[in-house]
Amino acid sequence: MKKQILKTCAIAALCLGGMSQAIAEEVSAGTLTVSSSVTAETCKFAAIEPVSLTALVSDFTGKAEGTILANTQKFVTIKTEKCPLWNSAKSAKLTVSGTAAGPGGAYFQLVNNTGNAAISDHAVGLTMNDKPVPRGAAINLKDPQYSPGVAGDNAITLKVGLVKIGTAAVVGAADSKANLTVKVAYD
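In case it helps, mature numbering (1 follows the signal peptide of the UniProt record, and there is no 0) puts the sequence shown at residues -24 to -1, 1 to 163.
Structure (structure tokens):
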């Protein structure tokens, strides 16, 4: 009987050994592919709200050429996204571009909404901290005369208004528009 038990155990051990080999069979090697993309954040302007300026023809009466009408001025705030703070940059310069108008081309031309003819007796004037923002010229945002117009979060506050250009005694009524381009260069 002892022999029989040993024989059965030996056969069982072989069986179990074969089964464990079948269970331990390996799956062929596979490949795990990992893709990665790290990009620099893009410094950009947030959407800039359009500004609507209104005035009466009589508001221009008696005003000298180059006078921005105070009653037409509105604040516009230009915000950025994912930009370094201007106050920590070595330099930060704002440039506002558009078609030239007025004395010395310092202002921004308006065009008539119907037909796109240039308006010759009034234009758009910009100020920052009550200092003129010249058309097409880079202004230093760290300059003490402009820096109060820059918030700690990079928001730049400008005042936009209508300005009398030309020497006509009477300004003509017109619905008009101007598209200005704003950019900031920093390092």
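Every residue gets a Cβ at the ideal spot worked out from N, C-alpha and C, and that includes glycine.
Open item on the list: Distance check for Gly6 and Met(-24), CA to CA, integer angstroms please.
Closed with: With a pLDDT of 46 at Met(-24), under the threshold of 50, the predicted position of this residue should be treated as unreliable, and no value is reported.
- [ ] Express the C-alpha separation of Glu17 and Gly137 in angstroms, rounding to a whole number.
- [x] 34 Å
Task: Start-to-end residues for the beta strand (DSSP E) that takes in Leu134 - done: 132 to 140
Open item on the list: Which residue marks the beginning of the beta strand (DSSP E) containing Thr71, and which one marks its end?
Closed with: 68 to 73
Open item on the list: Within a Cβ cutoff of 8 Å, which residues of the same chain sit near Asn130, ignoring the five residues on either side of it in sequence?
Closed with: Lys55, Thr56, Cys59, Leu61, Trp62
Task: Unbroken stretches of the beta strand (DSSP E), 3 residues or longer, contained in the stretch 58 to 122 - done: 68 to 73, 98 to 104
Task: Counted within 10 angstroms of its Cβ, other Cβ atoms place Ile141 as buried (16 or more) or exposed - done: buried
- [ ] Out of Thr53, Ser64, Tyr122, Val158, point me to the one whose CA is closest to Asp106's CA.
- [x] Tyr122
- [ ] Put Ser13 into one of helix, strand or coil per three-state DSSP.
- [x] coil
Open item on the list: Among the candidates Thr30, Asn89, Ile132, whose CA atom is the shortest distance from the CA of Phe21?
Closed with: Ile132
- [ ] Give the DSSP bridge partners of Phe51, in chain order.
- [x] Lys135
Task: As assigned by DSSP and simplified to three states, the class of Ser28 - done: coil
Open item on the list: Using 8 Å for Cβ pairs, my map puts Ser152 next to Asn47. What's the rounded Cβ distance?
Closed with: Not quite, the Cβ-Cβ distance comes to about 18 Å (not below 8 Å), so this is no contact.
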